[in-house]
Structures are given as C-alpha cells and as structure tokens.
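K.L.:
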Ligand SMILES: Cc1cc2nc3c(=O)[nH]c(=O)nc-3n(C[C@H](O)[C@H](O)[C@H](O)COP(=O)(O)OP(=O)(O)OC[C@H]3O[C@@H](n4cnc5c(N)ncnc54)[C@H](O)[C@@H]3O)c2cc1C
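Chains as they are written, first to last, in the working numbering: chain A, 16 to 415; chain B, 253 to 311.
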C-alpha cells in the first residue's frame with residue numbers, strides 16, 4: 016500500500032473515540048494515521064444514537080442538522096405497570112443523531128486538519144521491540160503491511176482485540192457487559208416524540224431497560240439492553256415486548272442492529288509502553304444508561320493531550336502515558352464508578368418496588384438522582400421517605 | 253455435569269456485532285466483516301459467547 020511508513024500516532028478504529036483522537040492530534044500538528052476495518056466509516060451502526068446536550072457543549076461540537084436529526088426535550092420513564100414519570104425541560108436536552116453521518120462529519124474534520132484516514136484496513140497486531148510497542152501490522156484489501164508509530168491508540172471498540180494482543184487484558188466480564196438489540200422503526204405510533212422513552216421491567220428487560228429514541232414523530236430507534244449473562248437473548252426480550260405494544264408492533268423494521276455495551280468493568284490500567292486505549296475498548300461507558308459516545312470523545316481529548324506531551328518529551332513509556340489513566344479517572348472515571356454503585360442498587364429493585372418508587376418520586380427528583388452524587392440522591396430520597404413510609408421498607412431492603 | 257462442547261454457530265442468525273469477540277477470554281473468535289471464525293485450538297468451551305450473543309446465533 017502506498018502509505019508513508021512512519022507516523023507519530025496510529026489510531027486503530029474509526030468510531031467516535033478514534034476519530035476524536037485523530038482530530039485532536041492533528042490540531043496539535045502531530046502526524047496521525049487512522050485505520051478502520053469496515054469499508055464505510057459510521058457503518059454498521061451499533062447504537063441507540065442518543066447524545067445529551069451537555070456533551071455537545073463540553074466537546075464544542077455544534078449539533079448540525081446533517082447528523083443531529085431530532086431534538087429531545089427530556090425523558091419519560093415507564094414503570095412495569097405502564098405508569099409514566101415525565102421529565103421535560105423547556106429547552107433542548109439532547110439529540111438523536113445519525114451515526115452514519117456523524118462519523119463522516121468527524122472524519123472530514125480530522126482529514127481537513129491534516130489526519131490521514133484509510134477505511135477497509137484491519138489492524139491485525141502490534142509490532143514490539145522488546146517491551147515497547149512501535150507500530151502495527153495491518154491488512155488492506157488482502158495486502159499485508161507494517162507501519163511504525165511512536166504511539167498506537169487502540170480505539171477498536173468493545174471487541175478490544177488490539178490491547179489484548181498487545182498484552183493488556185481487556186476482555187469483558189459477562190456481568191459488566193450488556194447485550195443489546197435494536198430495530199430502527201418507521202411508521203410507528205408512540206406518545207412522546209419529543210422525549211426519549213425508557214421502560215423498566217424485569218420481565219421485559221432484566222437489569223436494563225427498553226428504549227424508544229425518536230428520530231421523528233413516527234420514526235425511532237427501538238431497543239433493549241440486558242444483563243450479558245442472561246440466558247434469554249436481547250432479541251427475544253425485544254420481540255416479546257413489541258408484541259405488547261400495538262403502536263410499535265405494526266411498524267416497519269428498517270435497520271436491525273445488535274451489540275454489546277461495556278457497562279462498568281473499568282480498567283485500572285489503560286496504557287502500555289507505546290499504547291493508549293480509548294473508548295469502548297477501555298470500557299469507558301456510563302454504567303447505568305450505557306451511553307458511551309460522549310465519554311469516548313472526552314477520553315480522546317485527555318489521551319491526545321498526553322500524547323502531545325509524550326511526543327514533545329520523547330517519552331513513550333508506560334509510566335509517562337499512564338498519566339492518561341489518572342487524568343481520565345479524575346475527570347470522568349471516578350464519577351462513573353459512583354454511578355456503577357447506584358446501578359448495583361437499582362439492580363436489586365423488583366418490579367413491584369419500582370412501582371412504589373415511581374409513585375412517590377416526581378420528574379425533578381429523578382433528575383437529582385440521575386445527575387447528583389450519591390449524597391444528593393440520598394438526600395432526595397430521605398425527604399421522600401419522611402412522606403412515604405412504604406419507601407422506608409424499600410430503603411431497608413436495598414440499602415442494607 | 254453436562255459434558256463440555258464447542259459453541260455451535262448459526263450464521264443465518266448472526267448480526268456480526270462482535271459481542272462474542274468482546275467476551276471471549278482467549279481470543280478464539282475472529283470477526284471479519286460478515287464472517288465469524290472459531291479457532292478450536294484456542295477455545296476453552298466456557299460458553300461466554302453463547303450467553304452474550306444478542307440474537308442467539310451462538311448456542
Ligand atoms: C445497542 C447499543 C445502543 C447504544 N446506544 C447508545 C446511545 O444511545 N448513546 C451513546 O452515547 N452510546 C450508545 N451506545 C454505546 C456507543 O455505541 C459506544 O460507546 C461508542 O460507539 C463507542 O465508541 P468507540 O469509538 O469507542 O467504539 P466504536 O464506535 O465501536 O468504534 C470502534 C471502531 O473500530 C473499528 N475496529 C475494530 N477493530 C479494528 C481493527 N482491528 N482494525 C481497524 N479497525 C478496527 C470498528 O470497525 C469500529 O468502527 C450503544 C451501544 C449499543 C451496542
């Protein structure tokens with residue numbers, strides 16, 4: 016393949032994590048190459064495509080209509096009985112995006128800033144000199160070749176094969192991974208096209224939830240995420256539930272997608288000599304709702320800062336690069352660990368108890384619980400406890 | 253106890269999502285676009301892939 020042999024940075028994988036790394040490294044004038052195994056960036060989609068407004072703001076990404084296809088004003092939570100709890104804001108709280116377009120948008124930005132991107136190129140392994148990773152082996156259209164780089168970024172998604180080949184165990188534990196399945200559906204009827212709808216039920220989504228992420232008034236991503244070790248498949252959960260939803264059941268399925276979501280198996284170690292792991296490959300996902308795009312791009316920003324420092328200081332050792340791990344935990348990882356604790360509490364809640372919760376909390380309480388830290392949540396719940404003795408029994412049951 | 257066996261793959265059900273690769277502790281599975289390969293020399297018959305598979309293509 017007609018490609019320069021030596022790079023500052025080689026990024027493996029063209030999802031949000033890899034593309035954002037390429038953009039940021041290019042902005043820092045580093046010589047960066049991104050290799051993507053699929054023949055089209057952004058496809059196939061394995062995602063509900065929801066991205067909160069906070070991420071657009073923090074990352075400085077404008078929600079352009081070419082990919083931010085549908086604005087969202089909040090969420091509605093459904094208890095197993097069907098009772099709803101609406102959390103609606105008076106302004107836009109996020110967008111459902113079109114990943115196919117989003118990845119292309121990011122790729123164009125990376126390329127125009129000077130990064131090089133090559134699709135249909137699989138990285139098969141890293142190259143080592145002693146303990147130092149000094150490049151990658153790759154295949155493009157049947158042709159094998161080797162490339163050198165000062166730093167390799169493994170942004171290869173949940174499969175996370177490259178880090179494992181390099182010697183870091185990133186295998187997903189079945190307890191810390193959700194199995195997901197989704198249809199993009201058209202010609203459907205649902206109540207709140209301006210909100211994301213989340214359905215909780217141990218019957219139809221064990222340790223997870225079903226979702227409707229609207230892309231229009233009769234058009235949405237409809238999916239489910241469940242505990243990875245569940246014997247019943249995610250597809251079966253979704254199909255069974257759709258049977259109970261007349262407005263959805265009659266619709267057309269225009270895309271089928273599946274995938275798994277690393278929800279909480281956080282890694283203590285995210286670097287090796289010459290290697291940094293970013294995004295799903297490093298299990299950087301919100302353990303409660305499974306959102307990973309924003310977190311992946313933020314981690315890419317942290318990674319590229321460290322990469323630029325490493326290149327300036329000519330120090331590509333694990334010791335130097337591991338500053339990425341500590342900075343990421345400071346910025347995001349520690350918060351996610353707290354969220355994981357909350358999930359563990361939620362997992363224990365039975366369908367019946369969930370009804371009690373939904374009946375005693377209002378939309379504002381839910382927001383406090385979702386966004387606040389554990390202390391804030393505890394305060395909110397305690398106030399409610401005083402008013403509703405039934406909740407006391409629940410607290411004793413779950414928080415012992 | 254049930255005798256250990258290799259996972260069985262039904263390609264017509266597969267959605268090529270890579271979930272199985274993500275949980276395989278020994279990198280015995282390799283997904284190449286729309287083909288899935290199982291290396292029986294590496295597989296330890298732990299059946300994790302059959303549990304995570306969102307569509308039941310691995311049994
Ligand atoms: C069903 C489902 C619903 C979800 N819903 C949401 C949601 O609504 N909102 C949200 O924020 N997140 C959601 N997520 C999570 C989100 O999709 C991921 O967190 C996000 O895509 C992570 O980005 P990434 O760049 O780390 O990985 P990916 O997007 O997976 O990108 C990795 C890329 O690397 C490529 N690659 C892999 N191996 C190699 C190799 N050897 N050589 C070259 N290229 C390689 C892959 O082809 C892929 O393009 C969902 C996930 C699933 C499965």
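The beta-carbon is built from N, C-alpha and C at its ideal position, and this holds for glycine as well.
Given the structure is predicted, the values throughout are model-derived calculations rather than measurements.
In terms of residues, what are the limits of the alpha helix (DSSP H) holding residue 36 of chain A?
P.N.:
Within the first chain, numbered from 1, the residue matching residue 36 of chain A stands at position 21. Start and end: 31 to 42.
K.L.:
Secondary structure at residue 181 of chain A, three-state DSSP: helix, strand or coil?
P.N.:
Taking the first chain and counting its residues from 1, the one referred to as residue 181 of chain A is at position 166. Here residue 181 of chain A sits in helix by DSSP.
K.L.:
Consult DSSP for residue 324 of chain A and reduce its assignment to one of helix, strand or coil.
P.N.:
Position 309 of the first chain holds residue 324 of chain A. Of the three classes helix, strand and coil, the one that applies to residue 324 of chain A here is helix, per DSSP.
K.L.:
Residue 134 of chain A and residue 110 of chain A: beta carbons closer than 8 Å?
P.N.:
In the first chain, counting from the first residue as 1, residue 134 of chain A sits at position 119. In the first chain, counting from the first residue as 1, residue 110 of chain A sits at position 95. Result no, Cβ atoms of residue 134 of chain A and residue 110 of chain A do not sit closer than 8 Å.
K.L.:
Please confirm if residue 280 of chain B has its CB atom under 8 Å from at least one CB of chain A.
P.N.:
Position 28 of the second chain, counting from 1, holds the residue named residue 280 of chain B. By this cut-off, residue 280 of chain B is not an interface position.
K.L.:
For residue 256 of chain B, which residues in chain A fall below 7 Å Cβ to Cβ?
P.N.:
By 1-based counting over the second chain, the position of residue 256 of chain B is 4. Simply none; closest approach about 17 Å.
K.L.:
Please go through the region 200 to 244 of chain A and give each complete beta strand (DSSP E) segment of 3 or more residues, from N-terminal end onward.
P.N.:
You should have 211 to 214, 224 to 231, 234 to 242.
K.L.:
Name the DSSP beta bridge partners of residue 272 of chain A, please?
P.N.:
Here residue 272 of chain A corresponds to residue number 257 of the first chain, with the count starting at 1. A/197.
K.L.:
Between residue 296 of chain B and chain A, is there a C-beta pair that is closer than 8 Å?
P.N.:
As a first step, residue 296 of chain B must be located in the second chain, where it is residue number 44. Chain A, which has no Cβ nearer than 8 Å to the Cβ of residue 296 of chain B, makes this no.
K.L.:
Can you list, in chain order, the residues of its chain with a C-beta nearer than 6 Å to that of residue 86 of chain A? Leave out the 5 residues immediately preceding and following it.
P.N.:
Start at 1 with the first residue of the first chain, and residue 86 of chain A comes out as number 71. Same-chain partners within the cutoff: 107, 110.
K.L.:
Can a CB atom of chain B be found closer than 8 Å to the CB of residue 275 of chain A?
P.N.:
As a position in the first chain, residue 275 of chain A is number 260, starting the count at 1. It does; some Cβ of chain B falls within 8 Å.
K.L.:
Along the alpha helix (DSSP H) that carries residue 9 of chain A, what are the first and last residues, could you check?
P.N.:
As shown, chain A starts at 16 and ends at 415. That puts residue 9 of chain A outside it, with no answer to give.
K.L.:
Could you spell out where the alpha helix (DSSP H) holding residue 371 of chain A opens and where it closes?
P.N.:
For the purposes of this step, residue 371 of chain A is taken as residue 356 along the first chain, with counting starting at 1. It spans 366 to 375 - the alpha helix (DSSP H) in which residue 371 of chain A sits, taken as one unbroken run.
K.L.:
Output needed in chain order: residues of the region 171 to 198 of chain A with a Cβ under 8 Å from some Cβ in chain B.
P.N.:
The region 171 to 198 of chain A vs chain B, Cβ under 8 Å: 172, 173, 174, 175, 176, 179, 180, 186, 187, 188, 189, 192, 194, 195, 196.
K.L.:
Identify whether residue 69 of chain A lies in helix, strand or coil by the three-state DSSP scheme.
P.N.:
Position 54 of the first chain, counted from the first residue, corresponds to residue 69 of chain A. Helix.
K.L.:
Is the distance from the Cβ of residue 214 of chain A to the Cβ of residue 93 of chain A below 8 Å?
P.N.:
As a first step, residue 214 of chain A must be located in the first chain, where it is residue number 199. As a first step, residue 93 of chain A must be located in the first chain, where it is residue number 78. Contact flag set, yes.
K.L.:
Report yes if the CB atom of residue 172 of chain A is closer than 8 Å to the CB atom of residue 30 of chain A, and no otherwise.
P.N.:
In the first chain, the residue the question calls residue 172 of chain A occupies position 157. In the first chain, the residue the question calls residue 30 of chain A occupies position 15. Cβ atoms of residue 172 of chain A and residue 30 of chain A: closer than 8 Å.
K.L.:
Looking at the structure shown, is residue 53 of chain A part of a helix, part of a strand, or coil, going by DSSP?
P.N.:
Locating residue 53 of chain A in the first chain gives position 38, counting from the first residue. Residue state, collapsed to three classes: coil.
K.L.:
Grab me the residues of residue 20 of chain A's own chain with a C-beta within less than 7 Å of its C-beta, minus the 5 sequence neighbours each way, in chain order.
P.N.:
The residue labelled residue 20 of chain A in the question sits at position 5 within the first chain. Same-chain partners within the cutoff: 162, 163.
K.L.:
For the region 132 to 195 of chain A, list the beta strand (DSSP E) runs that are entirely contained and at least 3 residues long, ordered along the chain.
P.N.:
136 to 144, 147 to 155, 158 to 169, all fully within the region 132 to 195 of chain A.
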